[in-house]
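All letters in the sequence shown, in the order written, are residues 49 to 145 by my numbering. For glycine and all other residues, C-beta sits at the position ideal for the given N, C-alpha and C.
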Amino acid sequence: MKTVFALIYIVFLTSCTSVSITDRKQLMILGDDVIYPEAFKAYKDFKSKTKLIESGKEIDQINKVTSNLKTAIKNYYKSKGQKDPTSNFAWEVVLSG
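What follows is the structure in structure tokens.
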């Protein structure tokens, strides 16, 4: 029984990782290599089945906020002397209607 608990403890311990900005610890049951392909597939499916709003005040405002967030993230990591983990993100924001 002690061996089982020791193995479970080791699995949980090795599955813990830190969040980059807050340094908060979190349990990673599935890695990014598993989650990202499924998320991209679900996002693509969502976009194909939903009417997207491509112009107008709302989407302009959303794009402006997104641009500001990208700049803030870049500046934050630059001020910390760290590599921006979002630098290779393919940012895309959509508005469904």
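**OP:** State the Cα-Cα distance for the pair T114 and D93, rounded to the nearest angstrom.
**Re:** 22 Å
**OP:** Given a cut-off of 8 Å, decide if L143 and E106 are closer than it, judged by their beta-carbon atoms.
**Re:** yes
Subject >> Proximity to M76 [Cα-Cα], best of I83, C64, V82, I121 >> reply: Nearest option by C-alpha distance: C64.
**OP:** Quick one: measure Cβ to Cβ for V67 and Q74, integer angstroms, because I've assumed they're closer than 8 Å.
**Re:** 6 Å
**OP:** Go through its chain and collect everything with a Cβ distance to S135's Cβ below 8 Å, but skip five positions before and after it.
**Re:** Closer than 8 Å at Cβ, skipping near neighbours: K122.
**OP:** Would you mind giving the Cβ-Cβ distance between G145 and I101, rounded to the nearest angstrom? I have them listed as a contact below 8 Å.
**Re:** 4 Å
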